[in-house]
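The block underneath contains the structure these notes are about, expressed in structure tokens.
2 protein chains.
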Amino acid sequence: MTGPERDKYHHGDLKTALIEASEGIIREDGVEGFTLRKAAKAAGVSPGAPSHHFNGTRGLLTALAIKVFKHLEAELNALPSSGIPAQDLRTQALGYVTFAARNPGLFRLICRVDLIDFKDPDLIETSFDALTRYAHAAAAYFGHDAPDLHKRVFRPHMASAMATAHGLAHMVIEGRPALLLDTPDPASTFIETMLPSVLLATWPD
Amino acid sequence: MTGPERDKYHHGDLKTALIEASEGIIREDGVEGFTLRKAAKAAGVSPGAPSHHFNGTRGLLTALAIKVFKHLEAELNALPSSGIPAQDLRTQALGYVTFAARNPGLFRLICRVDLIDFKDPDLIETSFDALTRYAHAAAAYFGHDAPDLHKRVFRPHMASAMATAHGLAHMVIEGRPALLLDTPDPASTFIETMLPSVLLATWPD
DNA sequence: TTCTCTATCTGAACATTGCATAGATAAGAG
DNA sequence: CTCTTATCTATGCAATGTTCAGATAGAGAA
Numbered sequence: 001m002t003g004p005e006r007d008k009y010h011h012g013d014l015k016t017a018l019i020e021a022s023e024g025i026i027r028e029d030g031v032e033g034f035t036l037r038k039a040a041k042a043a044g045v046s047p048g049a050p051s052h053h054f055n056g057t058r059g060l061l062t063a064l065a066i067k068v069f070k071h072l073e074a075e076l077n078a079l080p081s082s083g084i085p086a087q088d089l090r091t092q093a094l095g096y097v098t099f100a101a102r103n104p105g106l107f108r109l110i111c112r113v114d115l116i117d118f119k120d121p122d123l124i125e126t127s128f129d130a131l132t133r134y135a136h137a138a139a140a141y142f143g144h145d146a147p148d149l150h151k152r153v154f155r156p157h158m159a160s161a162m163a164t165a166h167g168l169a170h171m172v173i174e175g176r177p178a179l180l181l182d183t184p185d186p187a188s189t190f191i192e193t194m195l196p197s198v199l200l201a202t203w204p205d
Numbered sequence: 001m002t003g004p005e006r007d008k009y010h011h012g013d014l015k016t017a018l019i020e021a022s023e024g025i026i027r028e029d030g031v032e033g034f035t036l037r038k039a040a041k042a043a044g045v046s047p048g049a050p051s052h053h054f055n056g057t058r059g060l061l062t063a064l065a066i067k068v069f070k071h072l073e074a075e076l077n078a079l080p081s082s083g084i085p086a087q088d089l090r091t092q093a094l095g096y097v098t099f100a101a102r103n104p105g106l107f108r109l110i111c112r113v114d115l116i117d118f119k120d121p122d123l124i125e126t127s128f129d130a131l132t133r134y135a136h137a138a139a140a141y142f143g144h145d146a147p148d149l150h151k152r153v154f155r156p157h158m159a160s161a162m163a164t165a166h167g168l169a170h171m172v173i174e175g176r177p178a179l180l181l182d183t184p185d186p187a188s189t190f191i192e193t194m195l196p197s198v199l200l201a202t203w204p205d
């Protein structure tokens, strides 16, 4: 993260190196601490180099956002399925909020419409993929057909279910728990002790 | 918004002029289009002038955020109360999301923890005040005592109710409806035609 | 009025940022 | 070995937030 680290003139795989460097910076300093020049320096490269691989800062961050959505998808897909719809939906919601709480900078990034290009087909595709499992859990709970986000299938119940988790995630990364809880690590406290009962209240058996 | 507009050397009330100028800029160009220099120029004043009235850009935006929260409070308080808890809660939620959709830039501002100072006591107070009516509606629907946000009274049901609207608001200003709807003005379509059924699904009678 | 004090504002710095461009470098094909 | 092309450097430019010495004028005291 500090010094340059390179022997050859050509980097080899600067593209992914820049994405990883950006991820590290955002993890440490948040989105607001990210600059293109920092990423270039972290990859051991001159300030102008990134332009040859990405369409400006927005292009780099969009590529990173795609990686983050894939990460989110993997985490949600890895969650256990109990067969009990209410519990599965709660599990997905809890996983979603947990992901946001554990990766606040990166979660903020994928919500920053001004920083990434949400017209990018790959980004749209990946963001839909990331929520497929969640959407299916919601459909199962509410007794609907399995939705296909790509075909813009839209159901009120589903929107409600997604919005609740999305709102909770935002509340967490916006620091609302710190305004309501007096514990040392409000976000963790909120997720571990209060969020389950919130979700239980939201989607009871 | 364009040129300087001043005859006297001293402005008279630069502080509020800067806040109003900032509001105008953000309404037009969004938070990402805001710069301190633009605000100064819009108020017809030199780039260094704002520093004499606010603690940097963050101070100015924090002051504006307080104004926005008061605006939100007024709108939510102005909504009719039917006496039917479910309907009142839906009314509040709809009002909340509508405010976000009508003032996307300003709503984004009050969620940008990196831009405003959420340790400012006035901001905290005002943000709590803005949601009092909403919280009471949620309490009535779920059969709880009237909550006092200032005393950090926290109930799972309430958090769920707030999160849903907050999440929907974020989804709207993040442009998710545009990904799901094919109408000319997706945000309006979403709010006017789909949101009511979403809320009906969320909090039925 | 006149003088003084103080709040207010100016104007010119400075460091940092994203970005564009011209040129250097080296990897790979023939 | 030579040429082509992708890759990277170096430099410069405009814009931004912030600071600071100095200019300005309003307000109160004499």
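Which chain is which? The protein sequence lines are C and D, in order. If you count the first sequence from 1, position 133 lands on 133 in my numbering, and the numbers rise without skipping. If you count the second sequence from 1, position 100 lands on 100 in my numbering, and the numbers rise without skipping. Beta carbons are placed, not taken as given, at the ideal position from N, Cα and C, and that holds for glycine.
In the structure shown, the three-state DSSP call for Ala146(D) is coil. CA-to-CA, the gap between Lys41(D) and Asp122(D) works out to about 27 Å.
Around the beta carbon of His52(D), fewer than 16 other beta carbons lie within 10 angstroms, which makes this residue exposed. In this structure, the CA atom of Met162(D) is about 14 Å from the CA atom of Ala86(D). Cβ proximity to chain D below 7 Å picks out nothing from the region 78-107 of chain C. Gly30, Val31 and Glu32: these are the residues of the region 22-34 of chain D whose beta carbon lies less than 8 Å from some beta carbon of chain C, given in chain order. Distance from the CA of Glu73(D) to the CA of Pro47(C), rounded to the nearest whole angstrom, comes to 46 Å. Excluding residues up to 5 positions away in sequence, Ile19 lie with their Cβ nearer than 6 Å to the Cβ of Ala63(D) in the same chain. Closer than 8 Å to the CB of Ser188(C) there is not a single CB belonging to chain D.
For Gly33(D), the three-state secondary structure derived from DSSP is helix. In chain order, Thr164, Gly167, Leu168 and Met171 make up the part of chain C whose C-beta sits under 7 Å from the C-beta of Ala163(D).
Ranked by Cα distance from His150(C), the first of Phe128(D), Ile25(D) and Arg176(D) is Arg176(D). In the structure shown, Lys119(C) falls within a coil segment according to DSSP collapsed to helix, strand and coil. Counting along the chain, the unbroken alpha helix (DSSP H) around Asn77(C) starts and ends at Gly56 to Ala78. At least one CB of chain C lies nearer than 8 Å to the CB of Asp114(D). Fewer than three Cβ pairs drawn from the region 30-41 of chain C and the region 80-98 of chain C lie within less than 8 Å of each other, which leaves the two stretches out of contact. Between Ser160(D) and Val198(C), the C-beta spacing is below 8 Å. Proximity to Asp13(D) across Leu61(D), Lys38(D) and Ala49(D) peaks at Ala49(D), based on C-alpha coordinates. In the three-state DSSP reduction, Val153(C) falls in the coil class, being neither helix nor strand.
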